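See structure below.
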Amino acid sequence: MGLLDFMMAEIAMDLGTANTLIIYDGKIVVDSPSMVARDIRNGKIIAVGKEASLMHGKTHENIKTIRPLKDGVIADFDASEKMISWFIKNIPNLKKNFFTPALRMVVCIPSGITEVEMRAVKESCERVNGKEVYLIHEPMAAAIGIGLDVMQPKGHIIVDIGGGTTEIAVIALGGIVCDKSIKIAGDVFTNDILFYMRTQHNLYIGDASAETIKIDVGAAMEELDGAPDDIMVRGRDLLTGKPKEVKIAFREIARALDKSIQRIEDAIMVTLSLTPPELAADIYNTGLYLAGGGALLRGLDKRISQKTDLPVFIAEDPLRAVVRGTGTVLKNIPKYKSVLIK
Numbered sequence: 076m077g078l079l080d081f082m083m084a085e086i087a088m089d090l091g092t093a094n095t096l097i098i099y100d101g102k103i104v105v106d107s108p109s110m111v112a113r114d115i116r117n118g119k120i121i122a123v124g125k126e127a128s129l130m131h132g133k134t135h136e137n138i139k140t141i142r143p144l145k146d147g148v149i150a151d152f153d154a155s156e157k158m159i160s161w162f163i164k165n166i167p168n169l170k171k172n173f174f175t176p177a178l179r180m181v182v183c184i185p186s187g188i189t190e191v192e193m194r195a196v197k198e199s200c201e202r203v204n205g206k207e208v209y210l211i212h213e214p215m216a217a218a219i220g221i222g223l224d225v226m227q228p229k230g231h232i233i234v235d236i237g238g239g240t241t242e243i244a245v246i247a248l249g250g251i252v253c254d255k256s257i258k259i260a261g262d263v264f265t266n267d268i269l270f271y272m273r274t275q276h277n278l279y280i281g282d283a284s285a286e287t288i289k290i291d292v293g294a295a296m297e298e299l300d301g302a303p304d305d306i307m308v309r310g311r312d313l314l315t316g317k318p319k320e321v322k323i324a325f326r327e328i329a330r331a332l333d334k335s336i337q338r339i340e341d342a343i344m345v346t347l348s349l350t351p352p353e354l355a356a357d358i359y360n361t362g363l364y365l366a367g368g369g370a371l372l373r374g375l376d377k378r379i380s381q382k383t384d385l386p387v388f389i390a391e392d393p394l395r396a397v398v399r400g401t402g403t404v405l406k407n408i409p410k411y412k413s414v415l416i417k
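Once you know that position 193 of the sequence shown is 268 in the numbering used here, the rest is easy, because the numbers rise by one and skip nothing.
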């Protein structure tokens, strides 16, 4: 067993629509966009992660940038496998090895995933030398990453707003009591901003610019304490075809995102309405926890708090809450056996 353990590397992976994070040896060794650039002529992958994301929207006809995951699940099997393999091969400590070690992996998946999609994730991991592959639902990993004791007979509600999906789950006794997974998340916010810029300012911008707007002036409410400064956005004028620049304030983005945020609020209300009364009593005391990149949207916690009448807490470093939880499970698989999916 000792020799086998020596030959086996343990990694925890948050395979996300927008970003992939990997923990090895207790440290986050990969935090990269989930994107690959492929040469169409020979099908070769020419860049992965940050390099590929810099190419996004700037390629010529022979190069195509692909996001292998859509709505939290694998959309392009071949590209996702090559991406996972590339990330693992580039983990600094594993690079030193003469041979590729067998891997013990814990990987997060959305809670609304089907059996077929689950198998696709598992097979992708097995093909990159994963000998023991365990899967865990994202909200459960987020709860553990936030530092909640999920094994207690106490209810907690987690809202994990990622790139492709928003996962809402009520957790107690190491299991998900009721959950809802909706395909309204960071990518939809980006599309809302693209649409708003086209319709209100006749400005055609790319995904990367919309992402920057979301990060710099994104807001969930039109009234904010400590509002961000206006920013200048450049793109192509749809009427003249010339490059142009417009000034954007956070209030405009709050209006652009309003409908999508409403749908997230509605999903939270549906989940709360399905919660057993004893757990609802716990949640009234413990409040609601926000994780994922979407939790960084200014004023979102306040808006959800007004809608649900619950205290809302944002996880510290919400982008990494899920992978931190996955890393905790990896360190203590026997303890968390019940939260892993067979």
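By construction, the Cβ of each residue, glycine as well, lies at the ideal position given by its N, Cα and C atoms.
On a predicted model such as this, the values are computed, not experimentally measured, just so you know.
Enumerate in chain order the residues of its own chain whose CB-to-CB distance from Val208 is below 7 Å, with the five nearest sequence positions on each side excluded. Counting from 1 along the sequence shown, the entry for residue 208 is found at position 133. For Val208, where only same-chain residues beyond five positions count, the Cβ hits under 7 Å are Met180, Val182, Lys197, Cys200, Glu201.
Met76, DSSP secondary structure in three states: Sequence index remark: in the sequence shown, residue 76 carries index 1 (1-based). No answer about Met76 holds up, because its pLDDT of 45 lies below 50 and its placement is not dependable.
Counting pairs of Cβ atoms below 8 Å between the segment 277-296 and the segment 209-224, do you hit three or more? no
If distances are taken between C-alpha atoms only, which option among Cys253, Asn407, Ala324, Val308 comes closest to Leu354? Locating residue 354 in the sequence shown gives position 279, where the first residue counts as 1. If we check each option's Cα against that of Leu354, Cys253 comes out closest.
With burial defined as no fewer than 16 other Cβ atoms inside 10 Å of the residue's Cβ, what is the status of Tyr359: buried or exposed? Within the sequence shown, residue 359 is the residue found at index 284, counting from 1. By the neighbour-count rule (16 or more Cβ atoms within 10 Å), Tyr359 is not buried but exposed.
Okay, do the segment 85-103 and the segment 235-250 touch, 3+ Cβ pairs below 8 Å being the bar? yes
Can you find at least 3 beta carbon pairs, one from the segment 117-127 and one from the segment 242-252, that sit closer than 8 Å? no
In three-state DSSP terms, what is Pro228? By one-based count along the sequence shown, residue 228 stands at place 153. Pro228 falls in the coil class under three-state DSSP.
Can you find at least 3 beta carbon pairs, one from the segment 322-342 and one from the segment 375-392, that sit closer than 8 Å? yes
Comparing alpha-carbon positions, which option in His131, Met110, Met193, Phe174 lies nearest Ala154? For this step, residue 154 is matched to residue 79 along the sequence shown. Minimum Cα distance to Ala154 is reached at Met110.
Under 7 Å between the Cβ atoms of Ala177 and Asn137? Here residue 177 is taken as the residue at index 102 of the sequence shown, counted from 1. Here residue 137 is taken as the residue at index 62 of the sequence shown, counted from 1. Result no, Cβ atoms of Ala177 and Asn137 do not sit closer than 7 Å.
For Gly316, count the other beta carbons within 10 Å of its own beta carbon; 16 or more makes it buried, fewer makes it exposed. Which is it? Taking the first residue of the sequence shown as 1, we reach residue 316 at position 241. Answer is exposed; the Cβ neighbour count stays below 16.
Nearest-angstrom Cα distance between Arg326 and Asp100? What you label residue 326 is simply residue 251 of the sequence shown in a count that begins at 1. What you label residue 100 is simply residue 25 of the sequence shown in a count that begins at 1. Distance between the alpha carbons of Arg326 and Asp100 is about 43 Å.
Does the distance from the CB of Gly293 to the CB of Ile328 come in under 7 Å? Stepping through the sequence shown from its first residue, residue 293 is reached at position 218. Stepping through the sequence shown from its first residue, residue 328 is reached at position 253. It is a contact, given that the beta carbons lie within the stated cut-off.
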